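Working notes, beginning with the structure itself.
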Amino acid sequence: MKNNRTAIHYVRPLVLTLFGMAMLFPFIWMFATSFKQGADVFNLSLMPKHPTVLNYAKLLRNSNFPWWFANSMIVGLAVTFSVLFFDSLVGFTLSKYRFPGKRLIFLLILSTMMIPTEMLVIPWYIMSNELGWVDTYWGVMFPGLMSGFGTFLMRQFFCQVPDDLLDAGRIDGLNEFYIWSRIAMPLVLPALSALAIFSFIGNWNAFMWPLIVSNKVTMYTLPVGLSFFNGEFQSQWEMVMTGASVATIPVFIMFIIFQKQIIQGIALTGVKG
Amino acid sequence: MIRQKTASHSLELTKRRWAYTFLVVPILFYVVIRFYPTFYAFFLSTTDWDIVSKNKDFIGLENYRNLFSDALFWKTLGNTGKYVAYGLPVSLFLGFVIAYNIDRIRLGEGFFKAVYFIPYITSMVAVAWVWRWLYQPAPIGVFNKILMELELPQQKFLFSQTQAIFSILATTIWADIGFQMIIFLAGIKGISTQYYEAAEIDGAGNWDQLRYVTLPLLKPTIVFLIVTGTIRYLRIFTQVLNMSYQGEGGPLNSTKPLVLYIYDTAFRSFDMGYASAMTVVLFLIILTITLIQLRVMKSEE
Numbered sequence: 001m002k003n004n005r006t007a008i009h010y011v012r013p014l015v016l017t018l019f020g021m022a023m024l025f026p027f028i029w030m031f032a033t034s035f036k037q038g039a040d041v042f043n044l045s046l047m048p049k050h051p052t053v054l055n056y057a058k059l060l061r062n063s064n065f066p067w068w069f070a071n072s073m074i075v076g077l078a079v080t081f082s083v084l085f086f087d088s089l090v091g092f093t094l095s096k097y098r099f100p101g102k103r104l105i106f107l108l109i110l111s112t113m114m115i116p117t118e119m120l121v122i123p124w125y126i127m128s129n130e131l132g133w134v135d136t137y138w139g140v141m142f143p144g145l146m147s148g149f150g151t152f153l154m155r156q157f158f159c160q161v162p163d164d165l166l167d168a169g170r171i172d173g174l175n176e177f178y179i180w181s182r183i184a185m186p187l188v189l190p191a192l193s194a195l196a197i198f199s200f201i202g203n204w205n206a207f208m209w210p211l212i213v214s215n216k217v218t219m220y221t222l223p224v225g226l227s228f229f230n231g232e233f234q235s236q237w238e239m240v241m242t243g244a245s246v247a248t249i250p251v252f253i254m255f256i257i258f259q260k261q262i263i264q265g266i267a268l269t270g271v272k273g
Numbered sequence: 001m002i003r004q005k006t007a008s009h010s011l012e013l014t015k016r017r018w019a020y021t022f023l024v025v026p027i028l029f030y031v032v033i034r035f036y037p038t039f040y041a042f043f044l045s046t047t048d049w050d051i052v053s054k055n056k057d058f059i060g061l062e063n064y065r066n067l068f069s070d071a072l073f074w075k076t077l078g079n080t081g082k083y084v085a086y087g088l089p090v091s092l093f094l095g096f097v098i099a100y101n102i103d104r105i106r107l108g109e110g111f112f113k114a115v116y117f118i119p120y121i122t123s124m125v126a127v128a129w130v131w132r133w134l135y136q137p138a139p140i141g142v143f144n145k146i147l148m149e150l151e152l153p154q155q156k157f158l159f160s161q162t163q164a165i166f167s168i169l170a171t172t173i174w175a176d177i178g179f180q181m182i183i184f185l186a187g188i189k190g191i192s193t194q195y196y197e198a199a200e201i202d203g204a205g206n207w208d209q210l211r212y213v214t215l216p217l218l219k220p221t222i223v224f225l226i227v228t229g230t231i232r233y234l235r236i237f238t239q240v241l242n243m244s245y246q247g248e249g250g251p252l253n254s255t256k257p258l259v260l261y262i263y264d265t266a267f268r269s270f271d272m273g274y275a276s277a278m279t280v281v282l283f284l285i286i287l288t289i290t291l292i293q294l295r296v297m298k299s300e301e
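One line per chain: the protein sequences are A and B, in this order. Residues 1 to 273 (my numbering) are what the first sequence spells out, left to right. Residues 1 to 301 (my numbering) are what the second sequence spells out, left to right.
In structure tokens, the structure reads:
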């Protein structure tokens, strides 16, 4: 019995490590290949024989990757700011004020989470076509400017903010906009940072809608550009791997910096149900 | 007294006015960008509109009748069912096993969480192409080269009508495990140690504790993961478009899910009416699942 127990202390980490290496294997292979060229690419060895950054240089100079990278950054940041502003404002309003129609508005916003994007993309596309939003940043961004999920999340957090703190501000003669932005917002910073990270990563990886609404190569976001680029360069797998690396690196960096917030945020929204 | 009352009354009114002011733009957004398009999709599903012609002719339920006799619709619906039926249980099982074991190690919890979670947050387009490369025939694909080294027979993977869907599923599960694991881990950590102590006093071993304490208490977590997972697998699209032969859900539609068929119909053939009818079907399936979840959660309480 005793022996059994000590054995498992070693077995568990060992199995987790082996399986974890299998999980990371595609990424390791991707990065390794992005530094290979020529016959090296088809070599079954992780270490490049002649490591080179030429693939990255080629991507930078001879493709539209810089455009796609910039587009994804612009869209990701703009949508994230919009979501932070509006979702927290609506969440705050729905948790801290009493007014007729409040319950109905909350339920309607919640119900939008049930509508699948696949159902909305066709009307959105028709709308964009008629209003000239195809191939514009606004066209890529407008569907995501607010979210039912973010509103729900922020409302939960604002509910925990004591009313006394807000009333103190009111006695000082602050208007409601100030009370929200200067008193309430700083108290929900953990929720705001979780929402910001989700929103940015979600937009960075989004594929279907940006694919539909952009026709011009220079308007593609990174995933859309990558998809077309790969289709074109299928015989040059080292270029495909370099492109994939460029698309994953920013998320890797964000994950390393914000690991705790991301994991806590996911767990928080999940357990709530 | 009366003065105080009117003062607080007017304060309430001011606050109410602010509340409505805050909500003007958001309500406009939700009406124009969420609700109107939803109704519009229902409307389009009763027309034969092809985006080029000026008028949208009302054809009643004909699109739905056509769906009924459309072999490809049933085929893609069946494929979608396969993605859910094979993919979700496997990723749930692996996610749980990993979470359970991570919870029970003394060192490196954060490290293992990161390792297993990272595929979930990376771009599906990027990883789909990495896997597509791994699956290529020798001398290009890594899997086949490893098989060759081991003197095992080569596999066709994405080029095979029988293997392709499972090859795509493997990638999907690999990317999905991290999410299940994190939620399970949060659920496991939320179980009070008192239950385990009581079980131990009753002489329950590890297996019994898992069976009679951990799993029953994780029921809300499991319900949540089944529902969100079903919806996620029902909407499978990106990996199939990027991994399957020529991006068309091949070979011979063997991997094509419903959403890819919708995308093809709407944005490659521009048959907006017919595609809308399919999105309505998808919407109804998701609605049913969500309502079942609400029902189950309510009966829990």
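Cβ coordinates follow ideal geometry from the N, Cα and C atoms, glycine included. Computed from a predicted structure; not experimentally measured.
- If you draw a straight line from the Cα of residue 238 (chain B) to the Cα of residue 210 (chain B), it is about 36 Å long.
- Here DSSP, grouped into helix, strand and coil, assigns residue 47 (chain B) to strand.
- In the structure shown, residue 58 (chain B) adopts extended strand secondary structure according to DSSP, grouped into three states.
- Taking the C-beta atoms as reference points, residue 243 (chain A) is found no nearer than 8 Å to residue 255 (chain A).
- By the Cβ neighbour-count rule, residue 74 (chain B) is exposed, with fewer than 16 other Cβ atoms within 10 Å of its own.
- Taken atom to atom, the span from the alpha-carbon of residue 90 (chain A) to that of residue 167 (chain A) is near 19 Å.
- When only Cα atoms are considered, residue 139 (chain A) and residue 138 (chain B) end up about 43 Å apart.
- What residue 15 (chain B) touches in chain A, judged by beta-carbon distance under 7 Å, is 97, 176, going in chain order.
- Using a Cβ distance threshold of 8 Å, residue 196 (chain A) and residue 84 (chain A) count as a contacting pair.
- In the structure shown, the three-state DSSP call for residue 163 (chain B) is coil.
- Using a CB distance below 8 Å, no part of the region 63-82 of chain B faces chain A.
- Closer than 8 Å to the CB of residue 230 (chain A) there is at least one CB belonging to chain B.
- Take residue 217 (chain B), set aside five residues on each side of it, and the residues of its chain with a beta-carbon closer than 6 Å to its own are 191, in chain order.
- Per the Cβ contact rule, the region 147-164 of chain A is in contact with the region 104-115 of chain A (3 or more Cβ pairs under 8 Å).
- Assigned with DSSP and collapsed to three states, residue 71 (chain A) falls in helix.
- Identification of residues in the region 68-82 of chain A having a C-beta nearer than 7 Å to some C-beta of chain B yields an empty set.
- Taking the beta carbon of residue 122 (chain A) as reference, the chain B residues within 9 Å of it are 37, 40, 41, 44, 262, 266, 267, 272, 275, 276, 279, listed in sequence order.
- At least 8 Å separates the beta-carbon of residue 182 (chain B) from that of residue 87 (chain B).
- Residues 91, 94, 95 of the same chain have their beta carbon placed closer than 7 Å to that of residue 155 (chain A), with the five preceding and five following residues left out of the count.
- For residue 107 (chain A), not one C-beta of chain B is nearer than 8 Å to its own C-beta.
- Against residue 118 (chain A), the close residues of chain B are 235, 259, 262, 279, 282, in the order they occur along the chain (beta-carbon pairs closer than 7 Å).
- Against chain A, the CB of residue 95 (chain B) has no partner CB under 8 Å away; the residue lies outside that interface.
- For residue 20 (chain A), a Cβ of chain B is located within less than 8 Å of the residue's own Cβ.
- The Cβ of residue 23 (chain B) sits closer than 8 Å to at least one Cβ of chain A.
- For residue 194 (chain A), there are no neighbours in chain B by C-beta distance under 9 Å, as the nearest C-beta there is about 13 Å away.
- Residue 26 (chain B) has its alpha-carbon roughly 34 Å from the corresponding atom of residue 222 (chain B).
- Chain order gives no chain A residues near residue 216 (chain B), where near means a beta carbon separation below 7 Å; the closest approach is about 16 Å.
- When the Cα atoms are used, residue 92 (chain B) and residue 59 (chain B) turn out to be separated by approximately 43 Å.
- Our two residues, residue 236 (chain B) and residue 32 (chain A), have alpha carbons roughly 29 Å apart in a direct line.
- When the beta-carbon positions are compared, residue 186 (chain B) and residue 122 (chain A) stay at least 8 Å from each other.
- DSSP places residue 138 (chain A) inside the alpha helix (DSSP H), whose first and last residues are 137-141.
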